[in-house]
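Numbering of the sequence shown is given in the working numbering, commencing with residue 3 and proceeding in unit increments. Built from N, CA and C at the ideal position, the CB exists for glycine as well. On a predicted model such as this, the values are computed, not experimentally measured, just so you know.
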Amino acid sequence: MPPNNALIRASGLDTLRAVAIALVLMSHYGGFVSGKDTFGVVGSVGWTGVDLFFVLSGYLIGNQILSAIARKEALSLKAFFAKRLLRTLPNYYFMLALYFLLPGLLGGSSTPPLWQFLTFTQNFGLAYGQTFTHSWSLCIEEQFYLLLPLMTLAVVRCKRPLAVAWCLIAGAIGAGMLARGSAFALHEYDAFSAQTYYSTWCRFDELLPGVAIAMLKNFHGALYEKILAKGNLLLAAGLAAVVATLYCVKQEWPDTMLSTTFGFSLVAISYALLVMAALSPTSLLARVRVPGATQLALWSYAIYLIHKPIFMVAAPRLRDMKIDVNAPLTVLLLFTVSIFAGWLLFRCVETPFMQLRARWYPSQRAPAGLVPAA
3 MPPNNALIRA SGLDTLRAVA IALVLMSHYG GFVSGKDTFG VVGSVGWTGV DLFFVLSGYL
63 IGNQILSAIA RKEALSLKAF FAKRLLRTLP NYYFMLALYF LLPGLLGGSS TPPLWQFLTF
123 TQNFGLAYGQ TFTHSWSLCI EEQFYLLLPL MTLAVVRCKR PLAVAWCLIA GAIGAGMLAR
183 GSAFALHEYD AFSAQTYYST WCRFDELLPG VAIAMLKNFH GALYEKILAK GNLLLAAGLA
243 AVVATLYCVK QEWPDTMLST TFGFSLVAIS YALLVMAALS PTSLLARVRV PGATQLALWS
303 YAIYLIHKPI FMVAAPRLRD MKIDVNAPLT VLLLFTVSIF AGWLLFRCVE TPFMQLRARW
363 YPSQRAPAGL VPAA
């Protein structure tokens, strides 16, 4: 019996999404609990889990929009935006309410105005240590959700829409590099968080390799299938690119013009190779089902939102009780609590609104691994 390609592809994307949230957890554990690289080299580059989420979002949302265009179907902006908001807002506003109701408990040196949180603009001028800083990536994704369909509808009206689209993707990636280089030239590391790390202008380009994959799939099908036929080669190339890029970034980032300008884009492109491998039914990444990956992928948005306040609440109390935060049992306990809390948020807040979305905007059910990235 031939393999079910939809399930294989879902499995590969599930694995990457689980890897992404695991990287974020390891990075934030070192940053907010232990104060050092508890997980060694892997933890020190765990911040790139967000970059992997960006690439996945670029592909998943890009494919949702571009597949409709390729089938010559009308793209309903009302339905698209409503479905996105029903997916992202409930969990986000729930966590936002917690931060504003319990500011002293959840920490943060200062809090941006509420209107910025409500409009997903708090990443502009955001600095390390402020309240709910990990929501910066949601800002960039929400801004992407707003811009991509509008840009798509504008591009399809052009005489040569594919050429224009590819030029825009390449130009936008170049613009992201230019923005980071300019920010470094003007501010160097002094304002790195506000001017580069959290900045829309300096990070939006990391979603575009995922959009490029969606472009290949929907408008260059023969080339796309030819590339995917080399699934394990894609996997090997992706792993090699990720390791090589992260080695360079780890050695230099964020202290040089070179790594700041090109590092983020190279990380995203490297992860895009792994996304391509995950989409290939011939690759090991797609074929091997990792136990628990589907669940982590499904809960990852909720886990992402809720894990940091748990870490912030737990860290000082663990230190007061003289508990070794680097002990494997302590790490396991906090990770388990974070995942369980994420599951509760998923079940109690996210799921009811997703069911409501399914009733209001019914559509063909996507494979489990194709859930949109938050």
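DSSP, read as helix, strand or coil, puts K228 in helix. Within the same chain, and ignoring the five residues on either side of A24 in sequence, no residue has its Cβ closer than 6 Å to its Cβ. Straight-line measurement puts the Cα of Q124 at about 21 Å from the Cα of I312.
Around the beta carbon of V269, a 10 Å sphere encloses 16 or more other beta carbons of the protein chains shown; the residue is thus reported as buried. Comparing C-alpha distances from A239 to each of L218, A279 and K74 shows the shortest one belongs to A279. A direct Cα-to-Cα measurement between Q66 and P318 gives close to 44 Å. Counting along the chain, the unbroken alpha helix (DSSP H) around I271 starts and ends at M259 to L281. Here the alpha carbons of A81 and G33 stand approximately 39 Å from one another. Looking only at L103, S111 and L98, the smallest Cα-Cα distance to F122 is reached by L98. In the three-state reduction of the DSSP assignment, G212 falls in the helix class, which pools H, G and I. Ranked by Cα distance from R19, the first of L331, L287 and I308 is L287. Closest in alpha carbon position to L235, among L260, L276, A216 and G344, is L276. For D16, the enclosing alpha helix (DSSP H) covers residues N7 to Y31. DSSP places W138 inside the alpha helix (DSSP H), whose first and last residues are W138 to V157. Taking 9 Å as the cut-off, the beta carbon of L107 is found closer than this to the beta carbon of V315. Taken through DSSP and simplified to helix, strand or coil, Q124 comes out as coil. When the alpha-carbon of A274 is set against those of I229, C160, V57 and R349, the nearest one is in V57. Of all alpha-carbon atoms in S139, L346, N220 and D257, the one lying nearest the alpha-carbon of L164 is that of N220. H189: member of the alpha helix (DSSP H) spanning P163 to H189, first to last residue. CA-CA distance, A174 to A214, rounds to 12 Å. Note that the C-beta distance between L218 and L210 is not below 9 Å. By the criterion of a C-beta distance shorter than 8 Å, M259 is surrounded in its chain by G183, F186 and A187, once the five residues flanking it on both sides are discounted.
Separation of the CB atoms of L331 and V47 is rounded to 25 Å, and the pair is thereby denied contact status at 8 Å. The residue from R349, A84, E352 and L335 with its alpha-carbon nearest to that of L27 is L335. When the Cα atoms are used, A172 and G60 turn out to be separated by approximately 14 Å. In the displayed model, S111 falls within coil according to three-state DSSP, outside both helix and strand.
When rounded, the separation of the alpha-carbon atoms in T133 and L170 is 35 Å.
For S272, same chain residues with a beta-carbon under 7 Å away, outside a window of 5 residues either side, are G240, A243, V244 and T247 in chain order. The shortest CA-to-CA distance from T202 to any of G223, A177, H189 and H222 is the one to A177. Counting along the chain, A81 sits inside the alpha helix (DSSP H) bounded by residues L79 to L103.
Pairwise C-beta distances place the stretch 78 to 93 in contact with the stretch 137 to 151, as three or more of them are shorter than 8 Å. At a Cβ-Cβ threshold of 9 Å, G233 and S285 count as neighbours. Here P92 is actually not in contact with F342; their C-beta atoms are around 19 Å apart, not less than 8 Å. Excluding sequence positions up to five before and after L54, its CB lies within less than 6 Å of the CB of A22 and Y273, all in the same chain and listed in chain order.
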